[in-house]
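Residue numbers (the UniProt record's numbering): 1 to 162.
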């Protein structure tokens, strides 16, 4: 009988970690569809400015809202990074535990436990692992994992794909 696997480590949710998380788990979309909402707000605001006697502040607000939306699509990564860095978990220490039950992360602000039966997939990327589950996705950087933990995750990924 093989001994139970247990791995635990600590790391900081800093800007470098968040940047890696974004680069490895998000596919950026710069197609016209990504800009559809921005285009709608700009056109709607422009129509209000030109053709209606509506308060110009409201019309210009809607128009500028469209411009801000377009900027948020174009600068999606910095926009996301700023939101993460302004969050309460930024620069907070995380304790990650991987064992036979699942993957658990704990911090001062809360904890999350993903049991192996609740995980739908483990996708290995260049720099880490994307964990898909019913509630969404999580990312673990391989830089915080030992070689044994990476091997264990690869075994679990094979079991999940079967």
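C-beta atoms are modelled at their ideal positions from N, C-alpha and C, and glycine is treated no differently. These numbers come from a predicted model, not from an experiment.
N-terminal and C-terminal residue of the alpha helix (DSSP H) that residue 81 is part of: The residue you call residue 81 lines up with position 81 of the chain shown. 76-86 is the span of the alpha helix (DSSP H), which, as asked, contains residue 81.
DSSP state of residue 101 mapped onto helix, strand, coil: Counting from 1 along the chain shown, the entry for residue 101 is found at position 101. DSSP places residue 101 in coil when its eight states are reduced to three.
Span separating the alpha-carbon of residue 119 from that of residue 147: For the purposes of this step, residue 119 is taken as the residue at position 119 of the chain shown. For the purposes of this step, residue 147 is taken as the residue at position 147 of the chain shown. Roughly 21 Å separates the two Cα atoms.
Separation of residue 116 from residue 159, as counted between CA atoms: Residue mapping note: residue 159 aligns to position 159 of the chain shown, counting from 1. Residue mapping note: residue 116 aligns to position 116 of the chain shown, counting from 1. In a straight line, the C-alpha of residue 159 is about 10 Å away from that of residue 116.
Validate contact between the segment 83-98 and the segment 7-19 using beta carbons, cut 8 Å, 3 pairs: yes
Sequence ranges, beta strand (DSSP E) only - wholly within the segment 5-66, length at least 3: 6-12
heavy atom of the ligand FAD below 7 Å from residue 73 C-beta: Ligands are entirely absent from the displayed structure, and the ligand FAD is therefore not among its contents.
Span separating the alpha-carbon of residue 57 from that of residue 45: Here residue 57 refers to the residue found at position 57 when the chain shown is read from its first residue. Here residue 45 refers to the residue found at position 45 when the chain shown is read from its first residue. Looking at the two C-alpha atoms, the distance is approximately 10 Å.
Cβ shell of residue 165 (< 6 Å), same chain only, five flanking positions each side left out: Look at the range of the chain in this structure, 1 to 162, and you will see that residue 165 is not part of it.
Three-state class that DSSP yields for residue 163 in the structure shown: Nothing about residue 163 can be reported from this structure: the residues present for the chain run from 1 to 162 only.
Residue 18 classed as buried or exposed, judged by whether at least 16 other C-beta atoms fall within 10 angstroms: Taking the first residue of the chain shown as position 1, residue 18 is located at position 18. Answer is buried; the Cβ neighbour count reaches 16.
Segments assigned beta strand (DSSP E), at least 3 residues, entirely inside the segment 113-157: 119-124, 128-133, 136-141
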